[in-house]
Structure formats: structure tokens, C-alpha cells
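Right, one structure below, let's go through it.
There are 2 protein chains.
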Amino acid sequence: MSSINLSKRVPFLKWAKSYNRTTFVADSVAAMVITIMLIPQSLAYAMLAGLPPQLGLYASLLPLVAYALLGSSGPLSVGPFAITSIMTATALAATFPEALTSEYVAGAVILAFMTGAFLLAFGIFRLGFLTNFISFPVVTGFISASAIVIASSQVGNLLGISTNTSSFFEVITSTAQHIHQTHFETFLLGLCSIAFLYGAPKIIRALVLKLTSSYFIADSLSRTAPILAMLGAISVVLMFDLEHNGVVLLGDIPQGLPALALPNWQPINWDFKTWKSLASSALLISIIGFVSSLSAAQAFAAKQRQRINPNQEALSLGVANISAGLSGAFPVAASLSRSAVSFNAGAKTPATSAFTAIGMAVSCLFLTPYLYSLPVVTLAALILLAVLSLFDFNAMKRTWAFNRQDFSALFITMILTLLNGVEWGLVSGVMLSIGLHLYRSSHPHVAILGRVPATEHFRNIDRHDVMTDPEIVSFRVDASLYFANARFLEDRVNELVASHPKAKHLILMCSAINDIDASALESLYDINQHLKDAGMQLHLSEVKGPILDRIKRSDFLEEMTGNLYLSHYLAWKDLTNQPMAGSIADR
Amino acid sequence: MSSINLSKRVPFLKWAKSYNRTTFVADSVAAMVITIMLIPQSLAYAMLAGLPPQLGLYASLLPLVAYALLGSSGPLSVGPFAITSIMTATALAATFPEALTSEYVAGAVILAFMTGAFLLAFGIFRLGFLTNFISFPVVTGFISASAIVIASSQVGNLLGISTNTSSFFEVITSTAQHIHQTHFETFLLGLCSIAFLYGAPKIIRALVLKLTSSYFIADSLSRTAPILAMLGAISVVLMFDLEHNGVVLLGDIPQGLPALALPNWQPINWDFKTWKSLASSALLISIIGFVSSLSAAQAFAAKQRQRINPNQEALSLGVANISAGLSGAFPVAASLSRSAVSFNAGAKTPATSAFTAIGMAVSCLFLTPYLYSLPVVTLAALILLAVLSLFDFNAMKRTWAFNRQDFSALFITMILTLLNGVEWGLVSGVMLSIGLHLYRSSHPHVAILGRVPATEHFRNIDRHDVMTDPEIVSFRVDASLYFANARFLEDRVNELVASHPKAKHLILMCSAINDIDASALESLYDINQHLKDAGMQLHLSEVKGPILDRIKRSDFLEEMTGNLYLSHYLAWKDLTNQPMAGSIADR
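Line order of the protein sequences matches chains Y and W. With UniProt numbering applied, the first sequence closes on residue 587, and no number is skipped along the way. With UniProt numbering applied, the second sequence closes on residue 587, and no number is skipped along the way.
Dropping the structure here:
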């Protein structure tokens, strides 16, 4: 038993057994492709988080090893991720007054630890389901707003001007104020980088396909565009001595691997406000990181008829984040775009992550000196193109067409994220989603029914030509009954009683009732009493088994003036044939 | 049109037309019974609110006239109410440091105005439905806890000691500390009052029934017990000169009617905290007042096959509270117990309220001098017996048997109301109810179906002997699909795909799906894609009309790999007979 549990908690033990040469080759190739993608991305996302570039590299080492041991998705590419990086930047800017101070960097490390702790808690206490309360419109609105925030944060780098980046509108206004200081060479280099990053993958792919018929080779080589852009930009900088021309370069990056260490608490002044601010940011980062990583992992698992255990994923992401903290880096998550590339490159097991970590370690050891001359604007161009895909205009259009209320949740989440920052946007969006759900289900669809002539079917009298009887009101409610709609039901029944002065029976058709809570039961008692006072009987038809079991825990059926019928037709037949309550009822 | 609207807004204009001698006699008799009940109650509930006794009388004049003009329920008895009085006491104690100062009394008046304003807003903006979010367990827990708080607040009066009354536990501990100071004469008078108030109604009723056969006269005369208790207690005080013996008396009450005035803002130091504290208390008082008044009004209306318009009731209660403020009194609501007496005494129209107001005005003008010697302990006894009926032990037992989760909401509301006060209790209870609902509906009941041999019926394979086909997975979900359960559904389908390696078709039976939101639609897209990636087709069966209409607003049906079937049986027949997707599907 314990070994089964262990291999469930450490999936590595399971897949390592059947590891062979084929999977090794597949994983290694995928890891190579991902390493080439991850080098520029890790630097760019560290910059996005407002942190020194080497922290991006550090976030791409140990966390990947942790995921390889504990994670269960082969293609999932854990590491720096655009959304969690901008959330890190926002959290640090809100907590610490000055960027890149020692407390600022220490704060990022502690954020990674806290994020890891929350994710571990999700995994251990099986709280992963809580993320279900973040609805699709809220996620879409939030991610799209984040894309706008990320893009706007890079406009300054693109123009070669320094802007205030603590909130979206400050970025916009400070960019507008400084736009006349635009540094021409930087801007030109930026535009060239964008053009190259946009066009090169397609051109490379087309050229390679002329030489070989392998789509795999063509696709893989097209992924080298970002690293080619880096090499090209470094060459241009060196060739035209752009460093002394005022183009901002990445500068010195410490060579070698990070020293593992527990977080350094000293630089931070730990008052309650700091704690609260960092912890609430870490909670949101862990939720968003978990939601996006899980949906990516599930999508790839489905393609192989596998299943992902959400709690195990939370656990492995938790350990990955704690490893990031131990490495002195910032919060990590899975990047959907990198994971998709990894899947297409043939990644089979989480060993891909471990091999990628080896590639990144080699880069740390040998590549860093050559990164000195990498212009920051090229990384900004990389970020800009990467976030384009995050702004999900199609999902917005689809949601607008499908349901205006859901769209309003999307739109308000987006606007509040832009206006008040990520935390406000997300929390308001979730509350709005819940409010809309409650509002919608508090006004369920109800129908007065009549009999379709010569059949046993009963349909809405407003939509069909049906027979009715003045002494019988047939009523169907298309919703589970719970506190938010219990009084609505009571009210509608009171209305029916008032508008059908000759009625002696009300048959409530319960075929659409999937659940019933104590408030709804109380309303049924009230309805029964109100009908009794008005000289009418209450009957129930087509009650589902689990609902009947539940109602039987109370004495409602003994209190009820009428009968319980298996079908609405039986109720109708019984009550029209015999003025007195019949005996064929299933009571 | 405008006259119809006006009579809808001022129900008085409607019922006054058909007012005749019969209704006049019925209403007058009921008003007389209610006046006799209301005189002691109004004094007692003013004491409960921590305010001078005459304010209880003032709260029983103009607000009743306002309700007579705008309200639509004949028997509803608006005026001082135990629950809103204790809420007023709690609100004032939390906002102002010292009781019975001028700012304390001014605070009560402003609370009445604010409560009126909230209720008016409920009526005008049709927000009455918001009170539906207070579930039955929360109301029960809240009211029962309030009964305990009210009872404990009167223990000091009963023992003749002064206790701190700002929170339940302070009352308990301070009572325990001062219990040795118990004033013997006061306590004895209190016990006698309780015994009389408990026993006299039954004895009077039995005696009268020996003299006459009219239950109406017997019941009406038994309602005089409280006023007889008052007269008896006053006599005892005068006879034994208990005033100089240390028994606390009501003392001087100003004679005459209240002067109408706008609220006096001067005594209060209006900082933001004061505003927030009073406004949030007023909001809760208006919600609780509205919920209890409305449920009483609806119960009586149902007995006469009438219907109460909740928004109109909110409006009339709003104006009643503003009238209470204009009279210098505190928030009012309908008392369920008084309203029940009024109904039984034959009240037909809201004129009953107006006639009661006349009776109370006469009391203000001529009765007040005689109230000087009324001992406070008799009023305490009256309150204690009145709140006994509020502690709803039966509802607790019923909820416990019916559903433990609902009971936990009830229990936590009760405990938090006792521990942290009414606002905390109510707000936490509502949030807990919503959380429980979301949790419950995020794990809906699902079933894998098989065909009942030789029928067209499909049932849960775990409960019935049914036929299955290894190539077809039949799946039913018993819930409306929305964000909280959308990923649950995805996850279950992924599980099914992994556990049915031979399956080629998944038929989702949608007969229990009453609603679908954008998140659920997105999950359907994902499920369709996941199944496609796994080489399976997704089919839907028995989709309800409104759901189909909604899905058709998206391109899901074009994307879906399988077909749409009118019945699950048709799907099964089609997919088992023809390996390729058939053509009889209703697409």
C-alpha cells in the first residue's frame, strides 16, 4: 500500500520504471527546443517582474527538476511565466517603494516561498476545487487585461525612455509625458526585433520545408527565431557600438549557478501591512498559476487519454515554487505557449523538464558573459509578441454573443484589473460571477402546464395548444430549489392561487429539480399551508429519487395535503376522474 | 392609467372605496385588542432598545398611520418589534460610548430615518429579491440567537441589578459578578409577573368560556393579561410603597403627542466611522424588518387568496420608518405575534392600523401619568415571555434531520451572532449559505447510464441491471452547468475517457440541465476537443429547448464531432446500429 501511495505522490517513481531509449530521445529533443525558447523568455520575464535578469535563469533550473520528480504531465513547461511575472512586479511595486533595492529582491524570493506554500496547501488539503469559482469570463477578462498591462509596461523599453510602472494608467500618462525623449536607435532596434520575431518563424519554416519534407524539423527550427533575434541584436550592438550610443543593454550577469539559501528576511521591515500585502499577492499568484498550469496539463493529458490529478499538480507546483525561492528566484508556473511547443516537439515524460534544467544550467555556466551586450529592447519586443496571444478577442466575441451577463463579468474584471490592479480585478470578478449566478438562479424558468390532447405529455400553456382544467393548476419549475429561489417559488404559487379562483389542486411537477435545501423545504411547508388555507391541495409529481430520499428525512409528506405521483399524467388522471384524492398515488 | 398606478402605490385608495360598516366594526374590534397589547409592548421594546419609554409610544402612532395608507395587509401590526429593538440597542451601544445621552437618542432617530431610506430604496428599485439570499437556516439561527441576547439583556432588570449590556458575554459575566446584589423585592415582583403573564391568559380564557360559548370573546379577553399585569404591578408598587424600597420604576413619561421634527444632527460627532456604523446597522435592521414583516403579510394574504407585492410592502415599511424618525422614535417593523392576534381578532383592512394609532394617541394623552409607578421588572417579564416563542428549537431539529450542511449554517450564524453581534452573525451566515450552495452544486450528482433491457429507458449502471456497450459511454449530469461545476464535468469526462479505452462515443444526456453559462460552454468546447484528440465523438441527447436556443448562439454545434439527439434511446440506436454517425440525428 505505502509504495502505491508513494508512487502516487512521486509520479517519477512510476514513469521511471518504463523509461527507455525511445522516450529518452523524444524527451531530449523536446528539451533542446524548449531550452532554446526558454533562454530569452527567462531573461525577458525576469525583466517583466522588475528583477535582475539572472533571476529568470535561476527560476528555470531547480523548479524544473522539482516538477520532473513530482509532476505528471510530460509536456508541461514550468518556469517563468508572463502573467505571474507581471503579478510579481505589481505585488512588489505595491509593497516596496523603490525598485531593485535589496528588500525588493528579497520580497520576490519570499513571494516565491509563499506562493509555494499556498500551492502545497491546495494540494495537501485538496483545495484545488476552489479555483473552480474563477469563471471562464473572469479568467478571460483577467488574462486579457494582464496582456494589456504587460504590453504597456514594455512601451517605455521599446521607446528607450524610463516610465513609472506601478500601475497601468501611470504607465500610460508617464509614457505620454516622456514620448518626446524617444531614443531613436533603441526604437529602431525594437521595431526590427518585432519584425524579425514576427516574420522569421514563418520564413524559416517555409525555407526548411523546401529543403526537407519534415514538418518536425521545420517547426523546431522556426522556434530558434527568438535566440536568433538575440544573437542578431547582440551583433548589431557590437557592430555599431550602440552601448555608447545610449541603447540600454542587459549588462553584467553573474556567471554560474545560484547558491541555494533560505530566504533572507533581514532587508524587509516586517510590519502587518507588508505581510498582508505579500501574502494576498502570493495567494492570487498561486491561484492564477495553478489554473493556467492545470488547464494546460489537462489539455495535453486528454490527447493521450490520460488524466491529471489536480491536487498532485498543485503539490508539484508548490514544490517548484519553493525551489524557486531556495534558488533566490521569483514565482513560477507553467507557460501554455512553451508547453504547447514541448508537446509538439514530442515530450513524453516529465524528464523533459529535467533535461531542460540541464540545458539552462549549461547556459548559466557558459552563456552569461555573452549576454552583456543584449539590448533590453529586444527582450521587450519578445514580451510584446508573446502577450499578443494572451489577449483573447475571440473569447470576448463568443461570450458577448452567448450571454450578455457573462460578458459583463468579463468586461468588469478587465476594466477593474486595468483600473485598480490584478487583485481588485480578480476578486471583484469572482464576486460578480457568484452574484450573477445567484441572481440568475433566483429567477428560474417556470411554466404552467397543460395536457397535449390525446397524449400523456404536459407542456407550457404559453407555447403549446394544450388542455387545462379550471380545478387543477399544473406547475413546473426548471431549477433546483434553494434559498435564493425558494421565496420566488412561494410568490409564484401565491400568484397562481390568486389568479385561479376555481382551482382546487396544484400539482408541482418536480422533474427538473436536482437538489433541494432546508430553505426550499421550508417554502414547501409554507406553500402547503397557504394552499390549505385557501382550500387547495398540493400534489407533487415526478420527484427524482435522491430528492424524495431527502424530503423523507422531514415530515413534509405527512403534512402535505395532497399526494405524490410517479408521473404528471397519473396525477392529472387521478384528480380529474375522482374529485376526492385517489388511492393509486404512490405515497 | 395614472389613477390605476396611484391606487397601486397607495392601496388605501383601493380598499377605501369598498369600505363599509361590516369592515369598520371588524377593524375597530381588532384595533382595540391590538391597542391593549401594544401599550405594554411599546414601553417594553423601547426599554429593550435602551431608550426612554415614551419613544415606544411615539413609534406606535404615525408609523401605523403611514402603513394604513400605503400597506396592503389588513392584519399586519407595524410598530416596535423585539428583534429590531435589540438590533437598535446593539447599534447604538456600538456607536456611542454612553447610553441615554442626547447623541444616543439622536442616533436612534437617525437610525429610523436610515432604515426608512433603505426600505424605500428596496421598494423603488425593486431590490426586495435581495432578501432571498438570507436562507432559512440563517434567519432561524439569527432570530434564535437574538432571542437569547434579548432574554439575557433582561436578566439584570429581573434581578434588580445593573449590568453592562453591550454584548452577550459581557451581560453574562457582569450578571454573574453582580448576582449577590440581587434586589429581593424586584426579583419577587418579576417572578410574580412571569407567573401571571404565563398563566393568566389560559385561566381567563377558561373562565370566560364557562360564561359564554364565544371563542372570540374568550381569546380577546385573554389578550388583556399584559395590561392587567401592568395594572396589578402598579397597584402592588403603590400599596407597598416599593418605590422607596428600591424597586426601579418607569418614572415620569411626558404627557401628550410627540412634536414632529426633522432629525437633530447636532449632538452627534459625524465622522466616517459613525456614519458607517449607523448605516450598516440600518441596512441590517431594514433587511430583517422587511423579511419578517413580509413573511407575516404573505402568510395572512394566502389565507384570503390574496397576494402581497413585496416592493409595495418595502415602500410602506420605509415610509413607516421615516414617520418613526419624524416622531423622534426608533426603527419599526411588523411583529408576527401581534399580527397573528390582529388576524384572529378579525382585522380586514389596513384601517386597523389607523384605529390602533388612535388608541395609542389617546394613551399618550391620558394614560402616561399613571405609568409613573409601573415597575421596570414587569416589562422585563413581558419581554422574556415574548421572546420565548422566537427561539425556534423545532426548526433546528428539523434542519438537523434534513441536512447537516444547512444545520451548520444555522449553528454558525447563531454562534457568531452570540459571539460577535448581530452584524457579524448575519453577514457570515449569508456568506456561508452561499459558499455551501456553491460547494454543493460544484459536485453535482452524475451517473453512467445503461439501457434497461427491452425498453427505451436508460438508468444509472450502479443502481440497475442494465446493458452497456464498450464503444459507447452514456453519461448524465444532474445539475445546471455553470462555472463552479464546469471543470468538474470536464474532469469526470477525462476520467471516463481514461477508464473506457475502447469507447468511441460519449453521449451526454442533458435532461437535467436547466441552465448553462459561458464557463460551462467553454468546458463543452474543451470536452469536445479532448474527446476528438482521443479519437472519440461527443453527442448530446435530450437537450431542453431554452438550453438549445442558448447553445445555438455559439458555434458549438458546428464544432461538435457528434450529433444532437431528441432522446437518449435514439442516440443509442443510431450509434449501435451504424458504426458511422447516422443521418437520423436532429442536427
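Virtual Cβ for every residue (Gly too), placed ideally from N, Cα, C.
Rounded straight-line distance, which links the Cα of W/A320 to that of Y/F129: The straight-line gap from Cα to Cα measures roughly 47 Å.
Name the residues in the region 378-411 of chain Y whose C-beta lies less than 9 Å from a C-beta of chain W; which are they? Using a CB distance below 9 Å, the part of the region 378-411 of chain Y facing chain W consists of A395, R398, T399, A401, F402, N403, Q405, D406, F407, A409 and L410, ordered along the chain.
Shorter than 9 Å from the beta carbon of W/E522 to some beta carbon of chain Y? Contacts with chain Y at 9 Å (Cβ-Cβ) include W/E522.
Beta-bridge partners of W/N460, as assigned by DSSP: Answer is W/L449.
Which ranges would you report for the alpha helix (DSSP H) in the region 215-273 of chain Y if only whole runs of at least 4 residues count? Qualifying alpha helix (DSSP H) stretches, in chain order: 215-222 and 225-239.
Determine the closest residue to residue 588 of chain W out of Y/N514, Y/E495 and Y/A484, with distance taken between C-alpha atoms. Here chain W has residues from 1 to 587 only, and residue 588 of chain W is not among them.
Positions along the region 435-458 of chain W whose CB lies within less than 9 Å of some CB in chain Y: Cβ contacts with chain Y: L436, H437, L438, Y439, R440, S441, S442, H443, P444 and H445.
Out of W/I253, W/D271, W/A225 and W/D491, point me to the one whose CA is closest to Y/Q306's CA. For Y/Q306, the closest C-alpha among the options W/I253, W/D271, W/A225 and W/D491 is that of W/D491.
Beta carbon proximity, W/H530 to chain Y, threshold 9 Å: By this cut-off, W/H530 is an interface position.
Contact set between W/F129 and chain Y, taken where Cβ atoms lie within less than 7 Å: For W/F129, the neighbours in chain Y by C-beta distance under 7 Å run, in chain order, S442.
So which residues on chain Y does W/Y482 lean against when the C-beta distance must stay under 7 Å? Chain Y residues near W/Y482: H437.
Could you work out which residues of chain W lie near Y/E495, taking near to mean beta carbons separated by less than 7 Å? Ordered by position in chain W, the residues that pass the 7 Å Cβ test against Y/E495 are R307.
At a Cβ threshold of 9 Å, is Y/E490 touching chain W? Output row for Y/E490: interface = yes.
Distance between beta carbons of W/A82 and W/A386, contact taken as under 8 Å: Contact holds; Cβ gap of about 6 Å.
Residues that W/R487 contacts on chain Y, provided the C-beta gap is smaller than 7 Å: Chain-order list of chain Y residues neighbouring W/R487: N132, by C-beta distance under 7 Å.
Quick check on this structure: which residue in Y/S28, Y/S153 and Y/F118 has the alpha carbon closest to the alpha carbon of residue 596 of chain Y? One cannot answer for residue 596 of chain Y here, as it falls past the ends of chain Y, which runs 1 to 587.
Could you give the uninterrupted runs of the alpha helix (DSSP H) lying entirely in the region 74-134 of chain Y, keeping only those of 4 residues or more? 82-95 and 102-124, all fully within the region 74-134 of chain Y.
So that I know if they touch, is there some Cβ in chain Y lying closer than 9 Å to that of W/S281? No, no contact with chain Y.
Whole angstroms is fine: what's the gap from residue 592 of chain W's alpha carbon to Y/P444's? With chain W represented from 1 up to 587, any question about residue 592 of chain W goes unanswered, as that position is not in the structure.
If we define contact as Cβ-Cβ less than 9 Å, is W/A354 a contact residue for chain Y? No, because no Cβ of chain Y sits closer than 9 Å to the Cβ of W/A354.
Excluding the 5 residues flanking Y/C364 on each side, which residues of the same chain have their C-beta closer than 6 Å to its C-beta? Once the five neighbours on either side are set aside, the close Cβ partners of Y/C364 are L57 and L257.
Could you check the C-alpha separation between Y/L43 and Y/I124 for me, to the nearest Å? As the crow flies, the alpha-carbon of Y/L43 is around 32 Å from that of Y/I124.
DSSP state of W/H500, grouped into three classes? For W/H500, the secondary structure class from DSSP, reduced to helix, strand or coil, is coil.
Would you please verify whether the beta carbon of Y/P201 is less than 9 Å from any beta carbon of chain W? Chain W, which has no Cβ nearer than 9 Å to the Cβ of Y/P201, makes this no.
Whole angstroms is fine: what's the gap from Y/I203's alpha carbon to Y/S28's? Distance between the alpha carbons of Y/I203 and Y/S28: 26 Å.
Just by C-beta distance, which residues in the region 466-480 of chain W are closer than 8 Å to chain Y? Contacts with chain Y (Cβ-Cβ distance below 8 Å) from the region 466-480 of chain W involve D478, A479 and S480, listed in chain order.
Comparing the C-beta of Y/D271 with each C-beta of chain W, is any distance below 9 Å? The Cβ of Y/D271 sits no closer than 9 Å to any Cβ of chain W.
From W/R487, W/M37, W/Y525 and W/V78, pick the residue whose C-alpha is nearest to that of Y/S292; which is it? It is W/R487 whose Cα lies nearest to the Cα of Y/S292.
Are three or more beta carbon pairs between the region 321-336 of chain W and the region 72-92 of chain W nearer than 8 Å? Taking 8 Å as the limit for Cβ pairs, the verdict is that the region 72-92 of chain W does touch the region 321-336 of chain W.
Burial state of W/S583 (16 or more Cβ within 10 Å): Interpretation of W/S583 is limited by its pLDDT of 40, a score under 50 that renders its predicted location unreliable; the figure taken from the coordinates is listed afterwards. Classification of W/S583: exposed, given that the 10 Å Cβ count is below 16.
Based on Cα-Cα distance, which residue from W/A261, W/I86 and W/V236 lies nearest to W/L62? Per the Cα distances, W/A261.
Please classify W/L6 as buried or exposed, where buried requires at least 16 neighbouring CB atoms within 10 angstroms. With fewer than 16 Cβ atoms within 10 Å of its Cβ, W/L6 is classed as exposed.
Minimum C-alpha distance to Y/K397 - residue among W/V430, W/G450 and W/D555: For Y/K397, the nearest C-alpha among the options comes from W/D555.
Rounded to whole angstroms, what's the CA-CA distance from W/K303 to Y/G450? Just pull it up for me. Straight-line Cα distance between these residues: approximately 26 Å.
Of all the CB atoms in chain Y, is at least one closer than 9 Å to the CB of W/A49? Interface annotation, W/A49: not in contact with chain Y, CB-CB separation never under 9 Å.
Mind listing the chain Y neighbours of W/S433? Cutoff is C-beta to C-beta under 7 Å, in chain order. Listed by position along chain Y, the residues whose Cβ is nearer than 7 Å to that of W/S433 are F483.
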